[in-house]
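So in this note's numbering, the last one in the sequence shown is 265, and the numbering has no gaps at all. Below: the structure, in structure tokens.
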Amino acid sequence: MAYNLLGVPYKWELDWMGSLTYIIQPDFYGGQSSFSYNDYLAKNLCSGTHDAYMNLIGGKTDVIIASRDISRNEKAASAELGVELKTAPLAIDALVFIVNPKNPVKNLTSDQVRKIYTGEITNWKEVGGVDHAITPYIRDADSGSQEKMETLVMNGLTMIDGTEETYMVEIIGSQMASPYLQLEIDEYGIGYTPFFYCTAMVRDLKRVSMLSIDGVAPSKESLRSNKYPFVSSIYAAVRYSEDHESMAYKLYQFLFTKKGADMIDESGYIAIRK
């Protein structure tokens, strides 16, 4: 979206750092633009969800797009500084569960997922698979995926503790890629990841298989219709004190227009259209 708004030509290409995910890169040879790459970097700050909110609260950035709404801790931080944020759902995403392609299990119920992650179900044969122990991979506490797992899926239930074998660790500098790298070599593991990341950035579903949940396969159609059970929202946020004539506030408003929704759809997310 930033490339479109700034008039910078762009292209999707395989990330040379890890050769796993596709990322958007500026394509200054593929079109005309008065914007330089340094200009783009100066005007864009990429970070994790928590840092994005803290940067907005602290005045380091003026408008953000994040994988969730503001958290209680972030609200407390904003209140302490006397800053109030305006947030609204912008697009649809979901938490999906992935396994090694050799795993014969293609569907789990919501209850089975919860029981795997509380330790009540420990063997694949209990859910129609082979007689082998399940390795349930979890994410670090500060990740957006972990927050969604706890709020969307677990419903207040306590998850198993991470061990050296089950705890997601940073691999080749990309935490979000960790489940894919683990499951590519572990036929008996299970992990979770955002739908957008899986379908738009990884794309190569020969590495992993997405599971159906309650008989519903994750797809843009099942997310849009809310039939897939673990649907979530992507949020936009701006400070209430932001000048309504500023570029940041106008950008925030633009994201909720038809043209903004079209741009969101083009990015690979599913726009919430009113």
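The beta-carbon is built from N, C-alpha and C at its ideal position, and this holds for glycine as well. In this text the structure is predicted, and so the values were computed from the model without any measurement.
Option in Glu257, Asp42, Tyr179 and Thr52 with minimal Cα separation from Lys116: Residue Tyr179 is the option with its Cα nearest to Lys116.
request  = Give the DSSP-derived three-state secondary structure of Met150 in the structure shown.
outcome  = Under the three-state reduction of DSSP output, Met150 falls in the coil class, being neither helix nor strand.
Between the alpha carbons of Asn91 and Leu172, how many angstroms are there, rounded? A straight-line Cα-Cα distance of about 10 Å links Asn91 and Leu172.
Below 8 Å, how does it come out for the region 235 to 253 and the region 36 to 55: are there three or more Cβ pairs, yes or no? Contact between the region 235 to 253 and the region 36 to 55 is present: 3 or more CB-CB pairs across the two stretches fall below 8 Å.
**Prompt:** Do you know whose CA, among Asp84, Arg105 and Ser169, lies nearest Ala191's CA?
**Reply:** Ranking the options by Cα distance to Ala191, first place goes to Asp84.
**Request:** Using three-state DSSP, classify Arg198 as helix, strand or coil.
**Result:** Note: Arg198 maps to coil in three-state DSSP.
Query raised in the report: Counting along the chain, where does the alpha helix (DSSP H) carrying Arg63 start and finish?
Result: For Arg63, the enclosing alpha helix (DSSP H) has its first and last residue at Arg63 to Glu71.
Practice problem: Enumerate in chain order the residues of its own chain whose CB-to-CB distance from Leu47 is below 8 Å, with the five nearest sequence positions on each side excluded. | Solution: Counting only Cβ-Cβ distances below 8 Å, and skipping sequence neighbours, we find Asp53, Val54, Ile55, Leu76, Ala228, Val229 and Arg230.
Rounded separation between Ser275 and Ser136 - CA only:
Any question about residue 275 goes unanswered here, given that the chain covers just -8 to 265.
Run through DSSP, which three-state label would Arg215 get?
In the structure shown, Arg215 sits in a helix (DSSP, three-state: H, G or I).
Item checked: Proximity below 8 Å, CB of Ser101 to CB of Asp205 -> In this structure, the beta-carbon distance from Ser101 to Asp205 falls below 8 Å.
Excluding the 5 residues preceding and the 5 following Gln23 in the sequence, name in chain order all residues of the same chain whose CB lies nearer than 6 Å to its CB.
Here Gln23 scores only 49 on pLDDT, less than 50, and its place in the model is too uncertain to base an answer on.
How long is the line joining the alpha carbons of Ile125 and Val96, rounded to whole angstroms? Their backbone Cα atoms lie some 12 Å apart in a straight line.
Arg105: first and last residue of the uninterrupted alpha helix (DSSP H) it sits in: Unbroken alpha helix (DSSP H) run through Arg105: Ser101 to Thr109.
Helix or strand or just coil, what does DSSP make of Leu76?
-> Reduced to three states, the DSSP call for Leu76 is strand.
* Asked: So, using beta-carbon positions, are Thr109 and Leu148 closer together than 8 Å?
  -> With contacts defined by Cβ atoms closer than 8 Å, Thr109 and Leu148 form a contacting pair.
Query raised in the report: Out of curiosity, what's the CA-to-CA distance linking Ile162 and Ser216?
Result: A caution first: Ile162 carries a pLDDT of 37, below 50, which makes its placement in the model unreliable, though a value can still be read off. Cα to Cα, the separation comes out at about 35 Å.
Residue of Ala57, Pro220 and Lys66 minimising C-alpha distance to Tyr260: For Tyr260, the nearest C-alpha among the options comes from Ala57.
Requested in this report: To the nearest angstrom, report how far apart Glu138 and Ile61 are at their CA atoms.
Outcome: Straight through space, the alpha carbons of Ile61 and Glu138 are spaced by roughly 12 Å.
Next on the checklist: Between Asp256, Ser200 and His123, which has its C-alpha nearest Phe88's C-alpha?
Outcome noted: Relative to Phe88, the option among Asp256, Ser200 and His123 whose CA is nearest is Ser200.
Within the continuous beta strand (DSSP E) that includes Ser136, where are the two ends? No beta strand (DSSP E) contains Ser136, which is instead part of the alpha helix (DSSP H) from Gly135 to Lys139.
How many angstroms separate the CA atom of Phe26 from the CA atom of Ile107? Its pLDDT being 47, under 50, Phe26 is placed unreliably by the model, and the measurement read from it follows with that caveat. Those two C-alpha atoms are separated by around 50 Å.
Closest Cα partner of Thr142 within the set Phe221, Gly73 and Ile181:
Closest option to Thr142, Cα to Cα, is Phe221.
*Beta-bridge partners of Pro127, as assigned by DSSP*: Paired residue(s): Ile181.
Looking at the unbroken alpha helix (DSSP H) that takes in Ile255, where does it start and where does it end? Residues Lys249 to Ser258.
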